[in-house]
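Reading through the structure tokens given below for one structure.
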Amino acid sequence: MKIARIIARLNVGGPARHVVWLTKKLKPAGFESVLIAGTVPEGEEDMSYFAAENGVDPIYIRELSRELSPKDVVSLFKIYREMLRQTPDIIHTHTAKAGTVGRVAAFFYKWLTPGTLVGRPRNVKVVHTFHGHVFHSYYGTAKTRVFLLIEKLLARIATDRIVVITPQQFVEIHEEFRVGKRDQFSIIPLGIDLEQYQDSDDKRTILREEVGAAADELIVGFTGRLTEIKNVSLLLEVAAKYRESGEAPPVRFVIIGDGNLRQQLERLSDELGLGGSVAFIGNRDNVAELLPGMDIIALTSRNEGTPLSLIEAMAAGVPFISTAVGGVVDLAGDTLEQHLGFRVCERGLVVDDFDAEHFVNGLIYLVKNEKLRSRIKDESAAFVHSKYSVDRLTNDIASLYRNCNAAIRAIRAKSKNAAINIKPTFDRRREHFARHLDDAGRQALCNRTRICGEAEV
Numbered sequence: 071m072k073i074a075r076i077i078a079r080l081n082v083g084g085p086a087r088h089v090v091w092l093t094k095k096l097k098p099a100g101f102e103s104v105l106i107a108g109t110v111p112e113g114e115e116d117m118s119y120f121a122a123e124n125g126v127d128p129i130y131i132r133e134l135s136r137e138l139s140p141k142d143v144v145s146l147f148k149i150y151r152e153m154l155r156q157t158p159d160i161i162h163t164h165t166a167k168a169g170t171v172g173r174v175a176a177f178f179y180k181w182l183t184p185g186t187l188v189g190r191p192r193n194v195k196v197v198h199t200f201h202g203h204v205f206h207s208y209y210g211t212a213k214t215r216v217f218l219l220i221e222k223l224l225a226r227i228a229t230d231r232i233v234v235i236t237p238q239q240f241v242e243i244h245e246e247f248r249v250g251k252r253d254q255f256s257i258i259p260l261g262i263d264l265e266q267y268q269d270s271d272d273k274r275t276i277l278r279e280e281v282g283a284a285a286d287e288l289i290v291g292f293t294g295r296l297t298e299i300k301n302v303s304l305l306l307e308v309a310a311k312y313r314e315s316g317e318a319p320p321v322r323f324v325i326i327g328d329g330n331l332r333q334q335l336e337r338l339s340d341e342l343g344l345g346g347s348v349a350f351i352g353n354r355d356n357v358a359e360l361l362p363g364m365d366i367i368a369l370t371s372r373n374e375g376t377p378l379s380l381i382e383a384m385a386a387g388v389p390f391i392s393t394a395v396g397g398v399v400d401l402a403g404d405t406l407e408q409h410l411g412f413r414v415c416e417r418g419l420v421v422d423d424f425d426a427e428h429f430v431n432g433l434i435y436l437v438k439n440e441k442l443r444s445r446i447k448d449e450s451a452a453f454v455h456s457k458y459s460v461d462r463l464t465n466d467i468a469s470l471y472r473n474c475n476a477a478i479r480a481i482r483a484k485s486k487n488a489a490i491n492i493k494p495t496f497d498r499r500r501e502h503f504a505r506h507l508d509d510a511g512r513q514a515l516c517n518r519t520r521i522c523g524e525a526e527v
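The letter at position 113 of the sequence shown is residue 183 when you use our numbering, and the numbering goes up by one with no holes.
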């Protein structure tokens, strides 16, 4: 089975690793995949090295990027051209931009064929994965409504299956924003390579030595892109309020990642007088080795699908505190305690708004409560290892593809049977009319109907 997988860019983040893992690991299961990717904009780190490390050689579309652009017409044409070359059985798009351009190209690929004239378009199925969504917190009201309208239209006319990565995401996208039909959706959680999180305790000193953390100093970490949606300015405000409170042990904040807001955030850190209590250490390709040095991981995002950074931290046994956005609530589990501005859950703490005071209250509670951190560490690691392996992800996607392929085979069988039944129909009509013609007319009509009948078949 041939799969064309499309993503807007291989930048630092979960979706890039997700598509690379699928492209690599589905091959032994009989799925031949081609990965089509756009370009990484200036200011974001390129993860093409990760594809190379996994033996994946993407087809790059230079004009395909994250932002809206007149070049989108060119990228649409180039993706359509690749579909003609690759002749995929399934087209699988990932992320919002690639989901739009890729599904429009898939619509043309399916219907722009002579077979459409006789009701037989190309037998291809289109799958789209929402790793997150842009239906709030990204753009203004008018622009968001346009994007939502586009998603609803694409779900109706250009998508066979929609994949969401958490139950909460399904509630938001389908039930709240009314995208797609219920039977289009499959909930398939993310998967990660869990082997790299074995023996995490042996790696605890790597990060701590790099940032010069004292033996009694706790590290609160952040990993991710330094962009608007991650709301890292709130984390810096939390760091300032934590220091001012004087109610808890000393904490070092370590920010791993890069992005267009890095210089602005570093200036804000200086303005808040945070000095050496916050360290920006940039992008790293050894995050799995750095996570065990953290005591807590913090996430202040305004919108998320399922943050891979939290899943990785949980696998490494690092308890988290996060704003209650998207799939974070599914990672956290049931609420065990309700406090002022935050909740203690089975596998983490969540803050229900973007109030710095509430976030600080939760952070202080977690810092002071070593037994709670230990319990969350054990619960989180066990949960991730049981639910989020890359092998489980691969098996789930393979099952989805096989179901799609079964539908394709059924359509082909139906078309074949319909074609076989055409010839007897023409034979009966030919005999009926031939009885009413003279010999010359009969022969001429028989010749014409024979030719037409064979052409239809």
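Glycine included, each C-beta is placed from N, C-alpha and C at the ideal position.
Inter-residue Cα distance where the pair is residue i and residue j
i           : j           : result
residue 360 : residue 182 : 51 angstroms
residue 120 : residue 262 : 14 angstroms
residue 305 : residue 368 : 8 angstroms
residue 352 : residue 229 : 38 angstroms
residue 477 : residue 164 : 22 angstroms
residue 157 : residue 267 : 39 angstroms
residue 315 : residue 291 : 19 angstroms
residue 136 : residue 285 : 43 angstroms
residue 141 : residue 456 : 43 angstroms
residue 217 : residue 417 : 34 angstroms
residue 347 : residue 250 : 47 angstroms
residue 520 : residue 139 : Because residue 520 carries a pLDDT of 44, less than 50, the predicted location of this residue cannot be relied on, and the following value inherits that uncertainty. Each residue's Cα considered, the two are about 53 angstroms apart.
residue 85  : residue 401 : 18 angstroms
residue 272 : residue 155 : 49 angstroms
residue 295 : residue 184 : 46 angstroms
residue 80  : residue 110 : 7 angstroms
residue 358 : residue 453 : 18 angstroms
residue 461 : residue 377 : 19 angstroms
residue 489 : residue 480 : Only weak support is given to the placement of residue 489: the predicted model assigns it a pLDDT of 49, under 50, and the value that follows is read from those uncertain coordinates. Near 14 angstroms, if we compare the C-alpha coordinates of residue 480 and residue 489.
residue 341 : residue 370 : 20 angstroms
residue 72  : residue 464 : 16 angstroms
residue 409 : residue 415 : 11 angstroms
When the options are compared against residue i, the one with the closest alpha-carbon
i           : options               : result
residue 152 : 167, 256 and 106      : 106
residue 474 : 346, 271, 198 and 322 : 198
residue 310 : 344, 294 and 293      : 344
residue 191 : 307, 159, 408 and 388 : 159
residue 78  : 149, 462 and 287      : 149
residue 147 : 161, 176 and 162      : 176
residue 318 : 433, 471, 86 and 195  : 433
residue 239 : 225, 275, 430 and 200 : 200
residue 442 : 413, 429 and 134      : 413
residue 403 : 372, 431 and 446      : 446
residue 87  : 71, 112 and 116       : 116
residue 427 : 382, 436 and 307      : 307
residue 279 : 202, 349 and 92       : 349
residue 372 : 222, 422, 335 and 336 : 422
residue 112 : 173, 336, 479 and 328 : 328
residue 269 : 144, 362, 145 and 444 : 362
Check whether residue i and residue j have beta carbons under 8 angstroms apart
i           : j           : result
residue 241 : residue 289 : no
residue 390 : residue 380 : yes
residue 424 : residue 330 : no
residue 32  : residue 126 : Beyond the ends of the chain as shown, which are 71 and 527, falls residue 32; an answer cannot be given.
residue 118 : residue 75  : no
residue 108 : residue 131 : yes
residue 124 : residue 94  : yes
residue 254 : residue 220 : no
residue 194 : residue 180 : yes
residue 339 : residue 470 : no
residue 394 : residue 430 : no
Whole-number beta carbon distance between residue j and residue i, since they are thought to touch under 8 angstroms
i           : j           : result
residue 237 : residue 458 : The Cβ separation is near 14 angstroms, so there is no contact.
residue 468 : residue 168 : Incorrect: roughly 21 angstroms between the Cβ atoms, too far for contact.
residue 234 : residue 227 : That belief does not hold up - the Cβ atoms of residue 234 and residue 227 are roughly 20 angstroms apart, past 8 angstroms.
residue 396 : residue 411 : That pair is no contact at about 19 angstroms.
residue 384 : residue 451 : 6 angstroms
residue 366 : residue 388 : 7 angstroms
residue 281 : residue 313 : Wrong, their Cβ atoms sit about 16 angstroms apart, outside the cutoff.
residue 196 : residue 161 : 5 angstroms
residue 287 : residue 320 : 5 angstroms
residue 222 : residue 252 : Not really, about 14 angstroms apart at Cβ, beyond 8 angstroms.
Residue i, enclosing beta strand (DSSP E) - first and last residue
i           : result
residue 199 : 195-200
residue 408 : 405-409
residue 72  : 72-77
residue 102 : 102-107
Residue i Cβ short of 7 angstroms to the ligand NAP heavy atom set
i          : result
residue 72 : Only the bare structure without any ligand can be found here, which leaves the ligand NAP out of the picture.
Delimiting residues of the alpha helix (DSSP H) encompassing residue i
i           : result
residue 216 : 211-227
residue 90  : 84-95
residue 419 : Premise fails: residue 419 lies in the beta strand (DSSP E), 419-421, not in any alpha helix (DSSP H).
residue 357 : 357-360
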